[in-house]
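J.: According to this note's numbering, the sequence shown is numbered sequentially starting from 1096. C-beta atoms are modelled at their ideal positions from N, C-alpha and C, and glycine is treated no differently. Pasting in a structure now, in C-alpha cells, and then I'll have a few things to ask.
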Amino acid sequence: MKKILGLDLGTNSIGWALIQQDFDNKKGGIIGMGSRIIPMDAGEIGKFAEGGSVSKTADRTNFRGIRRLRERNLLRRERLHRVLNALGFLPEHFAAQIDFTKRFGKFKEETEPKLAYHGSEFIFKKSFQEMLEEFKSHQPELVSNGKLIPYDWTIYYLRKKALTQRLEKEELAWLILNFNQKRGYYQLRGEEEENNSDIKEYCELLKIVSVEKGEIDKKNNKKTWYKFQFENGWEYSATFTSEPNWLNTEREFLITEEYENGVIKIVKDKRTDTTGKEKRKITPLPSFDEINLMSKKDQDKIYKKIKARTEITIKNSNKTVGTYIYETLLQNPKQKIIGKLVRTIERKFYKDELIAILKKQKATACN
C-alpha cells in the first residue's frame, strides 16, 4: 500500500494531506491532513497548537482599521494647520516647518515641531508666569527657592483662562490643536445621541446598615449572594467570592432610574405583586484608588464604571475638563493627569468646553 503526501503551497499558507492507497485492491484512506498559515508569531503558534483557528484576514482587517484611524487623525491635523495658517494664528517658527504649497498642511520631511516650543525655549512665558503666581499663593513650597513647575501645565491654565479672558491668537491655536488630539470617546457615527429625559443617572453616597448572606450562586458555586440594606431604605443584591467588608461604611453608587411622565416607573415581578418596586439600578462605583490597584485586565472589565466615575466627578464639579484638571493641580501638584485623574470620557465634555472657549474668544475679539 503506497503512501502519498500532497502539498498545497500558497503565498500565506501550506496545506498538506497524507494518504495511503492500494491501487490493486482499490482501497485507501486519509492518514492525516492540516494546514499552517505563515508567517506566524509566537502568539499565533501557541494559539494554533491549542487547536484555535488562525486568520491573517482578521489581522489585516484590524491593522487596516488602525491605519485608517491614523490617516484620519493626520488629515484632521493637516486641515487644521491650513485653517490656522490662513487666519494668521500659527507662530512663525511652527508655520515655517509646515509645507503649505505641495503637501497641504503636512509637516516637512523629518520634522515635527511643537507649537509651544521654539527649539528648547517655551514661547508662552507670560502666561506661564501668570500661572506661577497662582501656584505661589496655593503651593508656596513647590515654587520656593527658584523652583519651577512644568511648562506643559500652562495648557490647563490657558483652558481655564480662555473661558473668561482673551488669549493671544498663538495661544488659542495651541488650545485648538490640543483639543484636536484630546477628543474624547465617541462610539456612534452620525448624529450625537439624544439625551433620554426618561432616564436619570447620578452618583449617590449610601451607607450600608445591614448585610444579609444568601444562597450560593447557581451559575458559579464559588460565589454567594449578599443583600445590602441602605440607610435610605434601598436594597442592593450581588454575588461575591467572599463577604465584602461594607457594613456601616459609606460607598458611592451609580444610580440609574427610569421615569414615566415625570414619575419613577414601578415594575412588578410577579402577578401576585400588588405594590411593585421602583425601577432603579444600583451599581457600586470603585474609587480612583481602588481602580489604580487593579490590573489592566480588571480595569477593562469595568470600563463603563470607570468612565461613569470620571464623568460624574467632572459633572458634579460644575467645571469644564480643563478647569477641573488645572484646579486639581493647584491643590495637588503630584496628581498624575493622563490615565489617572482624567480617563476616557465622552467627547461631549471636550466639545462643550471648546465651544464655550470659542464663544468667549469671539466675544472678546469683537470688543
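Mark Gly1285 as exposed unless 16 or more other C-beta atoms lie within 10 angstroms of its C-beta, in which case mark it buried.
T.: Stepping through the sequence shown from its first residue, residue 1285 is reached at position 190. Its pLDDT being 44, under 50, Gly1285 is placed unreliably in this model, and the coordinates cannot settle the point.
J.: Using only CA atoms, which one of Leu1342, Lys1255 and Phe1348 lies nearest to Val1416?
T.: For the purposes of this step, residue 1416 is taken as the residue at position 321 of the sequence shown. When each option's Cα is compared against that of Val1416, the closest is Lys1255.
J.: Please identify the residue among Gly1328, Leu1270 and Lys1431 whose C-alpha is closest to the C-alpha of Gln1456.
T.: Here residue 1456 corresponds to residue number 361 of the sequence shown, with the count starting at 1. It is Leu1270 whose Cα lies nearest to the Cα of Gln1456.
J.: Report all residues from its chain with a CB closer than 6 angstroms to the CB of Thr1351; omit the five preceding and five following residues, and keep chain order.
T.: The residue given as residue 1351 occupies position 256 in the sequence shown. If we look at Thr1351 and ignore the five residues flanking it on each side, its Cβ neighbours are Glu1296 and Lys1376.
J.: Is the beta carbon of Arg1278 less than 8 angstroms from the beta carbon of Arg1442?
T.: Here residue 1278 is taken as the residue at index 183 of the sequence shown, counted from 1. Here residue 1442 is taken as the residue at index 347 of the sequence shown, counted from 1. A contact, by the Cβ cut-off of 8 angstroms.
J.: For Leu1100, which residues in the same chain have their Cβ closer than 6 angstroms to its Cβ, ignoring the five residues on either side in sequence?
T.: Translated into positions along the sequence shown, residue 1100 becomes position 5. Contacts found: Leu1113.
J.: Which runs of the alpha helix (DSSP H) spanning at least 4 residues fall entirely within the stretch 1232-1278, listed in chain order?
T.: 1249-1256 and 1264-1276
J.: Please classify Val1304: is it buried, with 16 or more other beta-carbons within 10 angstroms of its beta-carbon, or exposed?
T.: Against the sequence shown, residue 1304 aligns to sequence position 209. Flag for Val1304 reads exposed.
J.: Among Gln1426, Leu1388, Glu1263 and Ala1460, whose alpha-carbon lies nearest the alpha-carbon of Glu1236?
T.: Residue numbering aside, residue 1236 sits at position 141 when the sequence shown is read from its first letter. That would be Gln1426, whose Cα lies nearest to the Cα of Glu1236.
J.: Work out the CA separation of Cys1461 and Glu1422 for me, nearest whole Å.
T.: For the purposes of this step, residue 1422 is identified with residue 327 of the sequence shown, where counting begins at 1. For the purposes of this step, residue 1461 is identified with residue 366 of the sequence shown, where counting begins at 1. Those two C-alpha atoms are separated by around 29 angstroms.
J.: For the alpha helix (DSSP H) that Lys1124 lies in, which residues bound it at each end?
T.: Your numbering for residue 1124 matches position 29 in the sequence shown. Note that residue 1124 is Gly in the sequence shown here, rather than Lys. Run containing Gly1124: none in the alpha helix (DSSP H); it sits in the beta strand (DSSP E), Lys1122 to Ile1132.
J.: Which residue spans inside the stretch 1164-1233 form an unbroken alpha helix (DSSP H) run of at least 4?
T.: 1187-1190 and 1220-1233
J.: From what residue to what residue does the beta strand (DSSP E) around Asp1498 run?
T.: Outside the modelled stretch of the chain, which goes from 1096 to 1462, sits residue 1498, for which no answer is possible.
J.: Per the DSSP calculation, Ala1041 is bridged to which residue(s)?
T.: Shown here, the chain extends from 1096 to 1462; a query on residue 1041 therefore has no answer.
J.: Between Ala1257, Lys1402, Pro1339 and Lys1314, which lies nearest to Ile1450 when the distance is taken from Cα to Cα?
T.: The residue given as residue 1450 occupies position 355 in the sequence shown. Among Ala1257, Lys1402, Pro1339 and Lys1314, the Cα nearest to that of Ile1450 is on Ala1257.
J.: How is the alpha helix (DSSP H) around Ile1432 delimited, first residue to last?
T.: Here residue 1432 refers to the residue found at position 337 when the sequence shown is read from its first residue. From DSSP, Ile1432 is part of no alpha helix (DSSP H); its letter is neither H nor E.
J.: Tell me whether Ile1359 sits in a helix, a strand or coil according to DSSP, three-state version.
T.: Translated into the one-based positions of the sequence shown, residue 1359 becomes position 264. In the structure shown, Ile1359 sits in a strand (DSSP, three-state: E or B).
J.: Can you look up Lys1399 in the DSSP assignment and give me helix, strand or coil?
T.: Here residue 1399 refers to the residue found at position 304 when the sequence shown is read from its first residue. Three-state DSSP puts Lys1399 in a helix.
J.: Can the beta-carbon of Phe1348 be found less than 8 angstroms from the beta-carbon of Thr1378?
T.: Position 253 of the sequence shown holds residue 1348. Position 283 of the sequence shown holds residue 1378. Against a cut-off of 8 angstroms, the Cβ pair of Thr1378 and Phe1348 comes out as a contact.
J.: Looking at the unbroken beta strand (DSSP E) that takes in Thr1098, where does it start and where does it end?
T.: Against the sequence shown, residue 1098 aligns to sequence position 3. According to the sequence provided, residue 1098 is Lys. The question's Thr does not apply to it. Segment Lys1097 to Leu1104, the beta strand (DSSP E) holding Lys1098.
J.: According to DSSP, is Ile1440 helix, strand or coil?
T.: What you label residue 1440 is simply residue 345 of the sequence shown in a count that begins at 1. Note: Ile1440 maps to coil in three-state DSSP.
J.: May I ask you to list the residues that DSSP assigns as paired with Thr1378?
T.: Position 283 of the sequence shown, counted from the start, is the residue given in the question as residue 1378. Per DSSP, Leu1349.
J.: Rounded to whole angstroms, how far is the Cβ of Phe1223 from the Cβ of Phe1230, which I believe are closer than 8 angstroms?
T.: Working through the sequence shown from its first residue, we reach residue 1223 at position 128. Working through the sequence shown from its first residue, we reach residue 1230 at position 135. Actually they are not in contact, since the Cβ atoms of Phe1223 and Phe1230 sit about 10 angstroms apart, beyond 8 angstroms.
J.: Below 8 angstroms on the Cβ atoms is my guess for Ala1373 versus Ile1359; work out the distance and round it to an integer in Å.
T.: Position 278 of the sequence shown, counted from the start, is the residue given in the question as residue 1373. Position 264 of the sequence shown, counted from the start, is the residue given in the question as residue 1359. Looking at the sequence shown, residue 1373 is not Ala but Glu. Rounded, the Cβ-Cβ distance is 5 angstroms, consistent with contact.
J.: Please report how far the alpha carbon of Gln1116 lies from the alpha carbon of Ile1125, in whole angstroms.
T.: Working through the sequence shown from its first residue, we reach residue 1116 at position 21. Working through the sequence shown from its first residue, we reach residue 1125 at position 30. Each residue's Cα considered, the two are about 9 angstroms apart.
J.: So, for Leu1227: in the same chain, excluding its five sequence neighbours on each side, which residues have a beta-carbon less than 8 angstroms away from its beta-carbon?
T.: Position 132 of the sequence shown holds residue 1227. The residues are Val1238, Leu1243 and Ile1244.
J.: Could you compute how far the alpha carbon of Ile1109 sits from the alpha carbon of Arg1155?
T.: Translated into the one-based positions of the sequence shown, residue 1109 becomes position 14. Translated into the one-based positions of the sequence shown, residue 1155 becomes position 60. Approximately 19 angstroms, taken between the alpha carbons.
J.: Could you check whether Ile1440 and Thr1405 sit closer than 8 angstroms to each other, using their CB atoms as the reference points?
T.: Taking the sequence shown and counting its residues from 1, the one referred to as residue 1405 is at position 310. Taking the sequence shown and counting its residues from 1, the one referred to as residue 1440 is at position 345. A contact, by the Cβ cut-off of 8 angstroms.
J.: Exposed or buried, which one is Ile1161 when buried takes at least 16 other CB atoms within 10 Å?
T.: What you label residue 1161 is simply residue 66 of the sequence shown in a count that begins at 1. Counting other Cβ atoms within 10 Å of its Cβ, Ile1161 stays below 16 and is therefore classed as exposed.
J.: Tell me which same chain residues have a C-beta within less than 6 angstroms of the C-beta of Trp1329, skipping the five on either side of it?
T.: Position 234 of the sequence shown, counted from the first residue, corresponds to residue 1329. In the same chain as Trp1329, and ignoring 5 residues on each side of it, no C-beta atom comes closer than 6 angstroms to its own.
J.: Starting from the Cα of Arg1165, find the closest Cα among Pro1208, Asp1247, Asn1275 and Glu1187 and give me that residue.
T.: What you label residue 1165 is simply residue 70 of the sequence shown in a count that begins at 1. Ranking Pro1208, Asp1247, Asn1275 and Glu1187 by Cα distance to Arg1165 puts Asn1275 first.
J.: According to the Cβ coordinates, are Leu1301 and Glu1326 closer than 8 angstroms?
T.: For the purposes of this step, residue 1301 is taken as the residue at position 206 of the sequence shown. For the purposes of this step, residue 1326 is taken as the residue at position 231 of the sequence shown. Going by C-beta atoms, Leu1301 is nearer than 8 angstroms to Glu1326.
J.: Tell me where the beta strand (DSSP E) around Leu1300 begins and ends.
T.: Counted from its first residue, the sequence shown places residue 1300 at position 205. Ile1294 to Ile1311 is the span of the beta strand (DSSP E), which, as asked, contains Leu1300.
J.: Quick check: the Cα distance between Gln1192 and Thr1459, rounded to an integer number of angstroms?
T.: Taking the first residue of the sequence shown as position 1, residue 1192 is located at position 97. Taking the first residue of the sequence shown as position 1, residue 1459 is located at position 364. If I take the Cα positions, the gap works out to 30 angstroms.
J.: Going by the beta-carbon positions, is the gap between Leu1424 and Tyr1246 smaller than 8 angstroms?
T.: Residue mapping note: residue 1424 aligns to position 329 of the sequence shown, counting from 1. Residue mapping note: residue 1246 aligns to position 151 of the sequence shown, counting from 1. Not closer than 8 angstroms, so no.
J.: Just curious, the alpha helix (DSSP H) that Gly1417 is in, first and last residue?
T.: Sequence index remark: in the sequence shown, residue 1417 carries index 322 (1-based). Gly1417 -> alpha helix (DSSP H) spans Val1416 to Gln1426.
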